[in-house]
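Sequence order for the protein chains is A, B, C, D, E and F.
First residue of the first sequence: 914, per this note's numbering; consecutive thereafter.
First residue of the second sequence: 914, per this note's numbering; consecutive thereafter.
First residue of the third sequence: 914, per this note's numbering; consecutive thereafter.
First residue of the fourth sequence: 914, per this note's numbering; consecutive thereafter.
First residue of the fifth sequence: 914, per this note's numbering; consecutive thereafter.
First residue of the sixth sequence: 914, per this note's numbering; consecutive thereafter.
Every residue gets a Cβ at the ideal spot worked out from N, C-alpha and C, and that includes glycine.
Take a look at the structure below.
Protein chains: 6
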Amino acid sequence: MVNNSILKAEILSQALPYIQKYNNKIVVIKYGGNAMINEELKMNVITDVVLLSEIGVKVILVHGGGPEINGTLKKIGKESKFINGLRYTDEETIDVVQMVLAGKTNKDLVKLIMQKGGNATGISGIDNMLIEAEKYESEDDLGYVGAVKEIHPNIIMDMLDKGYIPVIASVGMDKDGHTYNINADTAAAEIASAVGAENMILVSDIPGLLEDKDDENTLLPLVHVYEVNSLMNKGIISGGMIPKVDCCVRAIRQNVKKAVIIDGRIPHSILIEMLSKDGIGTMFKR
Amino acid sequence: MVNNSILKAEILSQALPYIQKYNNKIVVIKYGGNAMINEELKMNVITDVVLLSEIGVKVILVHGGGPEINGTLKKIGKESKFINGLRYTDEETIDVVQMVLAGKTNKDLVKLIMQKGGNATGISGIDNMLIEAEKYESEDDLGYVGAVKEIHPNIIMDMLDKGYIPVIASVGMDKDGHTYNINADTAAAEIASAVGAENMILVSDIPGLLEDKDDENTLLPLVHVYEVNSLMNKGIISGGMIPKVDCCVRAIRQNVKKAVIIDGRIPHSILIEMLSKDGIGTMFKR
Amino acid sequence: MVNNSILKAEILSQALPYIQKYNNKIVVIKYGGNAMINEELKMNVITDVVLLSEIGVKVILVHGGGPEINGTLKKIGKESKFINGLRYTDEETIDVVQMVLAGKTNKDLVKLIMQKGGNATGISGIDNMLIEAEKYESEDDLGYVGAVKEIHPNIIMDMLDKGYIPVIASVGMDKDGHTYNINADTAAAEIASAVGAENMILVSDIPGLLEDKDDENTLLPLVHVYEVNSLMNKGIISGGMIPKVDCCVRAIRQNVKKAVIIDGRIPHSILIEMLSKDGIGTMFKR
Amino acid sequence: MVNNSILKAEILSQALPYIQKYNNKIVVIKYGGNAMINEELKMNVITDVVLLSEIGVKVILVHGGGPEINGTLKKIGKESKFINGLRYTDEETIDVVQMVLAGKTNKDLVKLIMQKGGNATGISGIDNMLIEAEKYESEDDLGYVGAVKEIHPNIIMDMLDKGYIPVIASVGMDKDGHTYNINADTAAAEIASAVGAENMILVSDIPGLLEDKDDENTLLPLVHVYEVNSLMNKGIISGGMIPKVDCCVRAIRQNVKKAVIIDGRIPHSILIEMLSKDGIGTMFKR
Amino acid sequence: MVNNSILKAEILSQALPYIQKYNNKIVVIKYGGNAMINEELKMNVITDVVLLSEIGVKVILVHGGGPEINGTLKKIGKESKFINGLRYTDEETIDVVQMVLAGKTNKDLVKLIMQKGGNATGISGIDNMLIEAEKYESEDDLGYVGAVKEIHPNIIMDMLDKGYIPVIASVGMDKDGHTYNINADTAAAEIASAVGAENMILVSDIPGLLEDKDDENTLLPLVHVYEVNSLMNKGIISGGMIPKVDCCVRAIRQNVKKAVIIDGRIPHSILIEMLSKDGIGTMFKR
Amino acid sequence: MVNNSILKAEILSQALPYIQKYNNKIVVIKYGGNAMINEELKMNVITDVVLLSEIGVKVILVHGGGPEINGTLKKIGKESKFINGLRYTDEETIDVVQMVLAGKTNKDLVKLIMQKGGNATGISGIDNMLIEAEKYESEDDLGYVGAVKEIHPNIIMDMLDKGYIPVIASVGMDKDGHTYNINADTAAAEIASAVGAENMILVSDIPGLLEDKDDENTLLPLVHVYEVNSLMNKGIISGGMIPKVDCCVRAIRQNVKKAVIIDGRIPHSILIEMLSKDGIGTMFKR
């Protein structure tokens, strides 16, 4: 038993340089989509968030909530209409989006963090107008699909200052009082920039960027911002990865030190990424 | 025009002693139920809240959301089951309650306050476990109908300290992570007690306590706590008024200075109650 | 009665945007001369000062005290000698000026504010050498008539910081310990500049700037600084108005947002000016 | 020259234990009456006050102003009326008292301290109602002769906190706005008690308490409170000394550590009292 | 590699409840004697101290330095004289003790912590008279062997407050300026009591308390204070263990929550004790 | 006796302008070498340090310890080897240097200050890596003779902030954990620069800079930095004075206002230098 304890303690002590590195630094973790479905993984993400918070990292958790929105829309018999792959968001839909993200997903995450011993407070981009939004401009009218106009980060800074973990639902509002649906990756990137985060982590359900998308052994562990264009041209960054990578690039251009896409299906992937020399997933750097 | 201005200024100056009285004091305003339906009155309530906040009162807004919960339950085709006048709240229902209160009503109130120039942040009794709840004990199993076990007011005090108006959805959680539906009047009374409020105001859709419930001229402007029993015996406090009066009495017994039931249908009834010598509705005092 | 209350509350709520605008901003109010004689108007000014203070405006009250100085000089049988309209101020006279302004007028204003529930502390330009003065340069020797050499605003800022209303008697001192009589309008303008005031209000006994000085209907409600020269050339700004307007211009040039000459004879003229869209008197702006 | 310097430095270094003893402690110095007349001695008192302040003592200077009041009353031709040795103070007289003490004596002391490099701010018992007064009860109506009803010491504490030397004119006010003349020794004693002073020093123009009032060699350097009655019976405390000793006793009974009556005619008597083992004058102790 | 990382992260996440438990709590670690000789173990102790500090524990390191003192005494040719097993400490010896503990051992520990990324500042019981000592009373004169008279913990609290790890050499001083040699276990226990520590850890070179001192499998993992007497009577606590256990008991009686004797030869024994459910060594509790 | 007291008080009051000048300013005093041998003079230096600290000067005491190092080296039979007048410092020697400076001299000074009523805390350049050192570059290998690479002044500022007198032993460390012997004059100059000191005082055992080194009457009381070269060329600055003057010049070039070499053999030379118009020794200025 003692030998086992020594091993464990040795592992803890190896984490020391990483703990020092992130001490008092802000890290934005975006968690959402399919990575949210598996309950065990969700628990792992929550445990990681609480552990990071306890060892002195200032964690901000930004979330979307895809599956739960679809479930509720289905329940009320609302048919989804898509235009170029983006959901047309009428008034009834945005009501459901706000309600599910800010009232269901957000509070369920808060409850889990509280149960694990963390101090979480859930807000949305509406609260204190954290995310000032505007209509997302596109050829077709998409309704209340929003773009970030400005982040007003005071409420987050005040919460971090008082020792809370802010859990943020990715909806925004404009000055006329309309709610907009904001892509959670985008919200995370803009918030990370506005608060001067050290690190942005997008927890997804893929291993990261693969040179050959069918072979996990071809994972690219590090991509510099200047390599992104070439990777797009080669088709290595394609499809759903394009907006994710765009968010990473945007965050880095606005002075976030690094942005990482990690695989939420791997247990404790956030801790591995932050507290070991191995890292995991694909890291983007300047 | 100048004469008109003088009159206005004279009225402002008459409000001075009341402004002094409530300066830096905490006031809990409970707003909900039918009083929420009329949009114009809702706007008046919001304007009053922002004005009070601007002149130095520390306002906490607690809300329920009856009609919107019913609307959403209806939309998803959930039939309501009542036991002794209380709604049986199964898991699906409590999910809708949490979602509507914390995600819809709460954020809509925040948006209105922001538009009026206030600094509102919406949370629920779940956030930082503000309202620790337990199952409401009754003969029949009512599901997730909750009672307040303990208020953890830090998050509210921190928000007031940083200058935000806390807007609070009346749901609670227990340590196992279950959400409970908490009566908003009860939540307001317990929060008012926990934060040492000067005043609790229940904004309703009735004029107050009437000696003859069909004659508004028989309004009782002031009731002392020791008179309550006798008024119940006489049937003057009866029906839906009983729990409301109970909340007022409970708040006062826990050192809230006064508790008032006012008529939300009267424009600016909150301001009238707080900033004039006339008052409005029925005030409960020790 | 309720209707009356609604009207009052409506008026209070209309003041909200102005209350928000001046929240935590510094406003310098200069009150003196003939506007001080009428006791009822004095009470109105005091009530306005206390109300503004209570709703979060940081008010500084600067005063002169013409009539009382004359009264005391007469009592001690001192004959006044005037040179080009300015009083020759010998040592005996400056003693009386200091004594009356700092000991009589100042403390009487403090007493009135205290009685109205404000927290006033009266000081003079001598205290902590708030107003460092030098001899006013003119062709003839005017004795201890002073010009402002430098404002040392710490004592005011400390008082505002601790929640007091500073009431300031407009005398100054030089480093050799001589007292100088400082024109109260000038003192107000220089103090407003030094503390970064939002607004300077000169409470006088005239309606403001009139195009035709015999017709109050020709009041100019707004004058831009660049219009002042032309108004002087036209004779619209003339006589005793010239130094007053000079003070307004000087304050604005040193970054005070606006300067207003209002009629102290109108009840609550300060509140009307600050908390209504109507305004009153003549406002000077950049 | 060096030898001289060594001697001076040796003297400074001998003051060390006394400097340590009074560091950050509050000392109330009352200065007034005849001790104020000699300009050279006044300068010595001022220098002592500034030195004490610079080496970390929190000095409060309370003053009366007898001779100057008489001078001004004479100038305005006001005849003084005495009842049992106390001046009958009608409305005209109290006006002069307030004006002279708060406007003349107070500001002149402030000017002297400023010139010596101290940070003085002069207020009176009226400011922020520091000295709440009431009519002094006696057989005959004495007009506005006042007794201390309550000290509200916030304004003094705030000034000490911000590093100013408060200079306080001994007039008070009641809640109806009347000014009262307060005996400066009494004001000093009550203020010393209210602020928890370590030491109260009454600077007078006598050597202290003499066993034989014609022989300065019979000075009593230390009197315990319990000895006072016996000294009164023996006639050693008599005449004008009685109220002075009463103030000392009253201060000590309200927890001021010691009270001293010193001779303001001796140069630097305050420094000698506070910073040497010799002491000077008569000290009263529990 | 990923599997390995997952395991590591899992271990980190299991430490979470212990990290939460000690967050912002004070822990006194006493390190000295033979446990100091092995360089690798010393490095492990240092790493543990820095890790604990980084994850929010307020660590105080108290040390003795036996072997180094002996080495230096030998170098200067000073023969050691023992009385009843205690070293007779003459003036020359106490000089060496002070010099070695405060100048050599102390600074060497500081250097190691600095190299590992911690913020250490080394002081001794002399600095700011942290350990006020007196002569240890015994039948024979032992010279400058000291007992703790009083702990003045301000300097430690200030250092913890500013984020430093205090490293404390166990010598003390009396008011006459004599240095005393203080047993390091005793110093740790008294300091732990004075600062309100949660936990005191004595790092030694034995496994803990053994029922059979020749069989490590008979380790007593938990001893309550009330069991100590009986264990002494049975001879299970004996010899050099007696003073160590006395220190533990004394600390607990003065409200330290627990005291543990652990085996410094086991790598990371401090982390194992504090961050795992296994614990290590013998824990004393109320 | 009174006359004597008056004289003393007069001298105290003459020190006022100097006390004001240094209030809250940082002064670095370097004390060491032969000036440390005489016990009476040491006591004078300590008294001066405590007095300055009590009257509001932020004193930092930097010390070397020549004679004590030699004594200990001799005791352990270590022969000193000199290269070009600098001691070759091998590992055994640097161990002794660290031990004596940080453990003996440092703590003995702390004890003296504590006995005189000051609040001293002794650290070394090792603590919190205050003095980051590197090998002193010279033709011959001198071992662990160090140069200052960087000062990390946080620990000093934190101590001053909390009201302690930092006493600093002039050894440094590099990032590999080696200790280096740092010349105390150099350490004082670099620390004075890093903390923005007003004044650096080198207490030595010579009168200052003499034009004719055999005639104390030829003392140069003031030397400007631009005169130094010429004085070196003339041979007036020569021998052991060259490095001392270099330190003064270096401190002044890095914005220390003045640097003074004073004669520690004169009683209270520090007080004379700082608190009188006479000054003492040789002052260097820009």
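Of all the CB atoms in chain D, is at least one closer than 8 Å to the CB of V963(F)?
By 1-based counting over the sixth sequence, the position of residue 963(F) is 50. Yes, its Cβ sits closer than 8 Å to a Cβ of chain D.
Which runs of the alpha helix (DSSP H) fall wholly inside the stretch 986-1030 of chain C and span at least 4 residues, in chain order?
1004-1012, 1019-1028
Using a beta-carbon distance below 8 Å, is M914(A) in contact with chain E?
For the purposes of this step, residue 914(A) is identified with residue 1 of the first sequence, where counting begins at 1. In this predicted model, M914(A) has a pLDDT of only 49, less than 50, meaning its place in the structure is not dependable; the value taken from the coordinates is given anyway. Yes, its Cβ sits closer than 8 Å to a Cβ of chain E.
Quick one: what does DSSP say Y1077(B) is sitting in, helix, strand or coil?
As a working note, residue 1077(B) is residue 164 in the second sequence. Of the three classes helix, strand and coil, the one that applies to Y1077(B) here is coil, per DSSP.
Considering only their Cβ atoms, is the gap separating A1015(F) from N1041(E) smaller than 8 Å?
If you number the fifth sequence from 1, residue 1041(E) lands on position 128. If you number the sixth sequence from 1, residue 1015(F) lands on position 102. No. Outside cutoff.
Using a Cβ-Cβ distance under 8 Å, would Q933(E) count as near chain A?
Numbered from its first residue, the fifth sequence carries residue 933(E) at position 20. Answer yes: the Cβ-Cβ gap between Q933(E) and chain A drops below 8 Å somewhere.
Express the C-alpha separation of D1159(A) and K1062(A) in angstroms, rounding to a whole number.
Position 149 of the first sequence, counting from 1, holds the residue named residue 1062(A). Position 246 of the first sequence, counting from 1, holds the residue named residue 1159(A). Distance between the alpha carbons of K1062(A) and D1159(A): 17 Å.
Buried versus exposed call for Y1139(F) [16 or more other C-beta atoms within 10 Å across all chains shown]:
The residue you call residue 1139(F) lines up with position 226 of the sixth sequence. Flag for Y1139(F) reads exposed.
By the three-class DSSP mapping on this structure, what secondary structure does D1176(F) have?
Numbered from 1 along the sixth sequence, position 263 holds the residue referred to as residue 1176(F). Three-state result, D1176(F): strand.
Within 8 Å of chain F by C-beta, residues of the stretch 1021-1055 of chain E in sequence order:
V1023, K1024, L1025, M1027, Q1028, N1032, A1033, T1034, G1035, I1036, S1037, I1039, D1040, N1041, M1042
Using a Cβ-Cβ cut-off of 8 Å, state whether A922(A) counts as contacting chain E.
Within the first sequence, residue 922(A) is the residue found at index 9, counting from 1. Chain E, which has a Cβ nearer than 8 Å to the Cβ of A922(A), makes this yes.
Where the alpha helix (DSSP H) through G1099(B) begins and ends
As a working note, residue 1099(B) is residue 186 in the second sequence. A quick correction: the sequence has Thr, not Gly, at residue 1099(B). Start and end: 1097-1107.
Cα-Cα separation between S918(A) and S1037(E), rounded to whole angstroms:
For this step, residue 918(A) is matched to residue 5 along the first sequence. For this step, residue 1037(E) is matched to residue 124 along the fifth sequence. For S918(A) and S1037(E), the distance between alpha carbons rounds to 34 Å.
Using a cut-off of 9 Å between C-beta atoms, extract the partners of L1014(F) located in chain E.
Here residue 1014(F) is taken as the residue at index 101 of the sixth sequence, counted from 1. G1016, listed in chain order.
CB of I1149(A) within 8 Å of CB of D1176(A), strictly:
Numbered from its first residue, the first sequence carries residue 1149(A) at position 236. Numbered from its first residue, the first sequence carries residue 1176(A) at position 263. In this structure, D1176(A) does not lie closer than 8 Å to I1149(A) by Cβ.
With distances taken Cα to Cα, identify the nearest neighbour of V1080(D) among I1026(D), N1112(D), M956(D), I968(D).
As a working note, residue 1080(D) is residue 167 in the fourth sequence. For the residues I1026(D), N1112(D), M956(D), I968(D), the minimum Cα distance to V1080(D) belongs to I1026(D).
Within-8 Å CB hit, M928(D) to chain F
Along the fourth sequence, one-based indexing puts residue 928(D) at 15. Looking at the sequence itself, residue 928(D) is Ala, so the reference to Met does not match. It does; some Cβ of chain F falls within 8 Å.
Using a Cβ-Cβ cutoff of less than 7 Å, which residues in the same chain neighbour D1098(B) once the five nearest sequence positions on both sides are dropped?
On the second sequence, residue 1098(B) is found 185 positions in, with the first residue counted as 1. Once the five neighbours on either side are set aside, the close Cβ partners of D1098(B) are K943, L1115, P1156, K1157, C1160.
In three-state DSSP terms, what is N951(E)?
Residue mapping note: residue 951(E) aligns to position 38 of the fifth sequence, counting from 1. If DSSP states are grouped into helix, strand and coil, N951(E) belongs with coil.
Give me the chain E residues within the contact set of G1090(F), using Cβ-Cβ distance strictly less than 9 Å, ordered along the chain.
Taking the first residue of the sixth sequence as position 1, residue 1090(F) is located at position 177. Within chain E, the residues near G1090(F) are D1021, K1024, L1025, M1027, Q1028.
Closer than 8 Å is the cut-off here; do at least three beta carbon pairs connect the stretch 969-977 of chain F with the stretch 928-946 of chain F?
yes
Name the chain E residues that come within less than 8 Å of I1068(F), Cβ to Cβ?
Along the sixth sequence, read from residue 1 onward, the residue named residue 1068(F) stands at position 155. Ordered by position in chain E, the residues that pass the 8 Å Cβ test against I1068(F) are T1034, Y1077.
Quick check on the burial criterion: 16 or more other C-beta atoms within 10 angstroms. Buried or exposed for G978(D)?
Working through the fourth sequence from its first residue, we reach residue 978(D) at position 65. Buried is the call here.
Secondary structure at K934(F), three-state DSSP: helix, strand or coil?
Looking up residue 934(F) in the sixth sequence gives position 21. K934(F) falls in the helix class under three-state DSSP.
At least one CB of chain B closer than 8 Å to the CB of H1181(C): is that the case?
Indexing the third sequence from 1 puts residue 1181(C) at position 268. Closer than 8 Å to some Cβ of chain B, the Cβ of H1181(C) qualifies, so yes.
Closest by C-alpha distance to K1088(F), when choosing among K1075(F), I1044(F), E1103(F):
Mapped onto the sixth sequence, residue 1088(F) falls at position 175. Closest option to K1088(F), Cα to Cα, is I1044(F).
Chain-order list of residues whose beta-carbon lies under 7 Å from that of E981(D) (same chain, five-residue window excluded)
Taking the first residue of the fourth sequence as position 1, residue 981(D) is located at position 68. Answer for E981(D): V1013, K1017, T1018, listed in chain order.
If you run the structure through DSSP and keep just helix, strand and coil, what is Y1049(B)?
Position 136 of the second sequence holds residue 1049(B). Correct three-state label for Y1049(B): coil.
Give a yes or no on whether the minimum CB-CB distance between K943(B) and chain A is below 8 Å.
By 1-based counting over the second sequence, the position of residue 943(B) is 30. For K943(B), the answer is no, since every Cβ of chain A falls outside 8 Å of its Cβ.
Supposed close pair G1056(D), E1047(D) - CB separation, criterion 8 Å
The residue labelled residue 1056(D) in the question sits at position 143 within the fourth sequence. The residue labelled residue 1047(D) in the question sits at position 134 within the fourth sequence. No, G1056(D) and E1047(D) are not in contact; Cβ-Cβ is about 13 Å, not under 8 Å.
Assuming V1169(D) and M1113(D) form a contact by the criterion Cβ under 8 Å, report the distance between their Cβ atoms to the nearest whole angstrom.
To locate residue 1169(D), count along the fourth sequence from 1; it is residue 256. To locate residue 1113(D), count along the fourth sequence from 1; it is residue 200. The pair is a contact, with the Cβ atoms about 5 Å apart (cut-off 8 Å).
Would you list the one or two residues that DSSP bridges to N1112(C)?
Walking along the third sequence from the start, residue 1112(C) turns up at place 199. Answer by DSSP bridge pairing, in chain order: V940(C), K1171(C).
CB of G1121(C) within 8 Å of CB of I1183(C), strictly
Residue mapping note: residue 1121(C) aligns to position 208 of the third sequence, counting from 1. Residue mapping note: residue 1183(C) aligns to position 270 of the third sequence, counting from 1. In this structure, I1183(C) does not lie closer than 8 Å to G1121(C) by Cβ.
N951(B) to S1151(B), Cα distance in whole Å?
Within the second sequence, numbered from 1, the residue matching residue 951(B) stands at position 38. Within the second sequence, numbered from 1, the residue matching residue 1151(B) stands at position 238. N951(B) and S1151(B): Cα-Cα distance of roughly 26 Å.
What residues from chain E crowd round I919(A), counting only those whose CB sits closer than 8 Å?
Residue 919(A) sits at position 6 when you count from the first residue of the first sequence. Correct list: I1179, P1180, H1181, I1185.
Please return the same chain residues whose Cβ sits closer than 8 Å to the Cβ of A928(C), not counting the five positions on each side in sequence.
On the third sequence, residue 928(C) is found 15 positions in, with the first residue counted as 1. Counting only Cβ-Cβ distances below 8 Å, and skipping sequence neighbours, we find L1188, S1189.
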